[in-house]
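Under my numbering, think of the first position of the sequence shown as 3, with each following residue one higher.
No residue lacks a Cβ here, since even glycine has one placed at the ideal position from N, Cα and C.
Keep in mind that this is a model prediction, so the values were computed, not measured.
Worksheet: one structure, shown below.
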Amino acid sequence: MYQDEVVLCSASKYTEKYYLNPDFEGLPELIRQELQIMCVLFTEDIGGIIMLYYDEEGNLQISTECNEDDILYDDIGSVLKIKQLQREKEELFEQLEQYYKVFFLQED
3 MYQDEVVLCS ASKYTEKYYL NPDFEGLPEL IRQELQIMCV LFTEDIGGII MLYYDEEGNL
63 QISTECNEDD ILYDDIGSVL KIKQLQREKE ELFEQLEQYY KVFFLQED
């Protein structure tokens with residue numbers, strides 16, 4: 003069904019918008035809210051764009067990017083903040099991976 007990268011959610015400091023892939027509307031409301039808060043706070047602190055996506059194997063990945071002329075984007079801070087999120091949200095990320103593998107990749 004899904005073979006390439008699949009975006010779970012993203013947020014942009016530039017457009018001040020948050021996006022949740024409609025395929026994941028079935029996630030519990032508290033999880034959706036937690037993802038939104040996490041992404042929006044990241045862009046407020048660091049700037050740029052953050053995206054959470056699943057790779058081909060169903061592993062949850064985090065990527066960030068910024069406009070070339072964005073002098074306020076904190077490149078070093080983004081790496082540190084992602085590592086912090088991976089530590090603090092480890093259980094959430096593991097559950098999201100399991101959800102994706104069961105419901106989208108049809109794994110047991």
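Endpoints, beta strand (DSSP E) assigned at residue i
i, result
"I73", "Looking at the DSSP string, I73 is not in any beta strand (DSSP E), and its letter there is neither H nor E."
"K91", "Looking at the DSSP string, K91 is not in any beta strand (DSSP E), and its letter there is neither H nor E."
"L107", "Premise fails: L107 is in no beta strand (DSSP E) and is neither H nor E."
Residues of its chain near residue i, where Cβ-Cβ distance is below 6 Å and the 5 sequence neighbours each way are ignored
i, result
"Y16", "none"
"L94", "none"
Beta-carbon spacing of residue i, residue j below 9 Å
i, j, result
"Q63", "E7", "yes"
"G50", "D72", "yes"
"E27", "G60", "no"
Proximal residues to residue i (C-beta, below 8 Å), its chain only, five neighbours per side dropped
i, result
"Y101", "L29"
"Q38", "C11, A13, Y20, L22"
For residue j and residue i, the rounded distance between their alpha carbons
i, j, result
"E163", "K103", "Missing from the structure shown is residue 163; the chain here goes from 3 to 110 and no further."
"D25", "G79", "31 Å"
"M53", "V9", "7 Å"
"Q86", "F44", "11 Å"
"Y56", "C41", "16 Å"
"I48", "E31", "26 Å"
"E92", "K83", "13 Å"
"L74", "V81", "15 Å"
"Q88", "E46", "18 Å"
"E18", "E90", "24 Å"
"D76", "N69", "12 Å"
Same chain, Cβ closer than 7 Å to residue i, neighbours up to 5 away in sequence not counted
i, result
"R34", "L22"
"E67", "G50, I51"
"E36", "L94"
Length at least 4, wholly inside the region 21 to 73: the alpha helix (DSSP H) runs in chain order: 31 to 48
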